[in-house]
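J.:
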Amino acid sequence: MILSGSAAAVGSGPTFFWSGRPKAERRNAGVSFAIRKDIVGRLPCLPQDISDRLIILRLPLQRDNFATIISAYAPPMTSSDTAKDEFYEDLNALLATVLKADNNELANRLANLLAADADISVENRWCQLRDNIQSTALDALGRARRQHQDSFDDNDAAINQRLREMQDAWMTRKAEETQGYTDRNEWKNIFTATKAVYGPPVKGAAPLLRADGRTLLTEKTKILKPWAEHFQGFLNQPSTISNAANDRLPEVEINANLDLPPSLQETIRAVQQLSSGKAPGLYAIPAEIYKHGGPQLMNRLTVLFQEM
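Next comes the structure, spelled out in structure tokens:
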């Protein structure tokens, strides 16, 4: 179905909502959302197409909260100034219409965190801040649900059955093929077919001849020790550089700026350079939480960094 240059594609997988120009016009751009079917049924309204470069979605969250998501495709550098100005005018107008309630709820909640006790150590203050971030993010965003592709969820049983049938047919075909090689005494083909079924043989550690030239080691535990002795001696040679040569090296002027405590801008820049979509580290706080935590969180982190 196409309406005013937009379309919704419905199938066994996610539903695609696309915004672009009609077929009669040249299509240099297009934006879309791919939304799971169970989420489409909970949307208060379908995504709204603004232009062939802008489409907006209002997504329901927990406790009657909403998030506004904008899919944007900015004009490339080769576009005319008129096209660029038109896009950014549309984008600014669209951002101005977003309700304040839909703004960064996580940042709003993190801005209201209680200040840590001033008379405790930096480590304990970090633990307080970490726990507050975790509890606030969990309360605002909830736990992530396990995601599945709709097309696989709907057809799991049929796919598994088909895979079993294909595997059985392949094994039967290989067995008949191997039997034919055996009947014709084609030993090379027998070994090739057997290798295809069972995989290559698992190779153990190669034997090692000790430095004395007489003892051949075959056990893995005994092989590792001579290698350790070899690298211990190879990598720990005495230095051949004299102190006089070191004294002739020119001294570089000390850069005192490297010893300055980190600034707020350095903290923000370091946080924005974190990779998104990665598994959280030791403290189970994803990079996205820091990136969208707002200015108050950046200030709190900067103060902690400066006192370390």
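For this note's numbering, add 1094 to where a residue sits in the sequence shown, where the first one is 1.
Here a beta-carbon is modelled for each residue, glycine too, at the ideal position from N, C-alpha and C.
Keep in mind it's a predicted model, so treat the numbers as computed, not measured.
(1) For V1134, name the three-state secondary structure that DSSP assigns.
(2) May I have the straight-line CA-CA distance separating L1311 from L1343, to the nearest angstrom?
(3) Which same chain residues, not among the five before or five after S1098, have their C-beta less than 6 Å away from its C-beta?
(4) Would you kindly work out how many angstroms separate the C-alpha atoms of L1391 and P1170, rounded to a whole number?
(5) Rounded to the nearest angstrom, what separates A1252 and L1155 at their Cα positions?
(6) Based on DSSP bridge pairs, tell me the residues matched to P1301.
(7) So, is L1223 buried or exposed, given that buried needs 16 or more other C-beta atoms within 10 angstroms?
(8) If A1287 sits next to E1270, beta carbons under 8 Å apart, how far is it from one beta carbon to the other, in whole angstroms?
(9) For A1350, count neighbouring Cβ atoms within 10 angstroms of its own Cβ and tell me buried if that reaches 16, exposed if not.
(10) Take T1230 as the anchor and find which of E1259, P1294, Q1326 and I1383 has the nearest alpha-carbon.
(11) Using 9 Å as the limit for Cβ to Cβ distance, is Q1156 near chain C?
(12) Please look up how many angstroms separate the CB atoms of R1147 and A1166, rounded, as I've assumed it's under 8 Å.
(13) Indicate, with yes or no, if the ligand ADP has a heavy atom lying under 8 Å from the CB of R1304.
(14) Under a three-way DSSP split, which group does P1320 fall into?
(15) Which of the three DSSP states, helix, strand or coil, is assigned to L1376?
(16) With distances taken Cα to Cα, identify the nearest neighbour of L1395 among E1217, A1290, K1178 and G1107.
(17) When you compare each of P1355, E1180 and D1179 to L1398 by their alpha carbons, which one comes out closest?
(18) Is the beta carbon of P1138 sitting closer than 9 Å to the one on F1110?
(19) For I1164, which residues in the same chain have their Cβ closer than 6 Å to its Cβ, ignoring the five residues on either side in sequence?
(20) K1117 to P1108, Cα distance in whole Å?
(21) By Cβ distance below 6 Å, which residues in the same chain neighbour A1299 in space, the five residues on each side in sequence not counted?
(22) With burial defined as no fewer than 16 other Cβ atoms inside 10 Å of the residue's Cβ, what is the status of A1195: buried or exposed?
(23) Please report the straight-line C-alpha distance between L1140 and V1365, rounded to a whole angstrom.
(24) Would L1302 be called buried (16 or more neighbouring beta carbons within 10 Å of its own) or exposed?
(25) Helix or strand or just coil, what does DSSP make of P1154?
(26) Pull up the distance between the alpha-carbon of R1115 and that of V1125, whole angstroms please.
T.: Answer, in terms of the structure:
(1) Three-state result, V1134: helix.
(2) Going from the Cα of L1311 to the Cα of L1343 covers about 48 Å.
(3) Legend: pLDDT at S1098 = 43, less than 50; position of this residue unreliable, no value from coordinates given.
(4) Spanning the alpha carbons of L1391 and P1170 requires a straight line of approximately 34 Å.
(5) For A1252 and L1155, the distance between alpha carbons rounds to 34 Å.
(6) Among the bridge pairs identified by DSSP, P1301 is matched with none.
(7) Taking every protein chain shown into account, the CB of L1223 has 16 or more other CB atoms within 10 angstroms, so this residue is buried.
(8) That pair is no contact at about 10 Å.
(9) In this structure A1350 is exposed. Its beta-carbon is surrounded by fewer than 16 other beta-carbon atoms within 10 angstroms.
(10) Among E1259, P1294, Q1326 and I1383, the Cα nearest to that of T1230 is on I1383.
(11) Here chain C cannot be found, since the structure has a single protein chain.
(12) The Cβ separation is near 6 Å, so the contact holds.
(13) Among the components of this structure there are no ligands whatsoever, and the ligand ADP is therefore not found.
(14) Residue state for P1320 is assigned as helix, using DSSP reduced to three classes.
(15) Looking at L1376 - three-state DSSP - the assignment turns out to be coil, as it is neither helix nor strand.
(16) Minimum Cα-Cα distance from L1395 among the listed residues E1217, A1290, K1178 and G1107 corresponds to E1217.
(17) The residue with the shortest Cα to Cα distance from L1398 is P1355.
(18) No, Cβ-Cβ distance for P1138 and F1110 is not below 9 Å.
(19) Contacts found: I1150.
(20) Approximately 23 Å between the Cα atoms of the pair.
(21) Setting aside the 5 residues that flank it on each side, A1299 is surrounded in the same chain by K1314 and I1317, each with a C-beta closer than 6 Å to its C-beta; the list follows chain order.
(22) Here A1195 scores only 47 on pLDDT, less than 50, and its place in the model is too uncertain to base an answer on.
(23) Approximately 34 Å between the Cα atoms of the pair.
(24) Its Cβ being crowded by 16 or more others within 10 Å, L1302 is buried.
(25) Looking at P1154 - three-state DSSP - the assignment turns out to be strand.
(26) Their Cα atoms are separated by approximately 10 Å.
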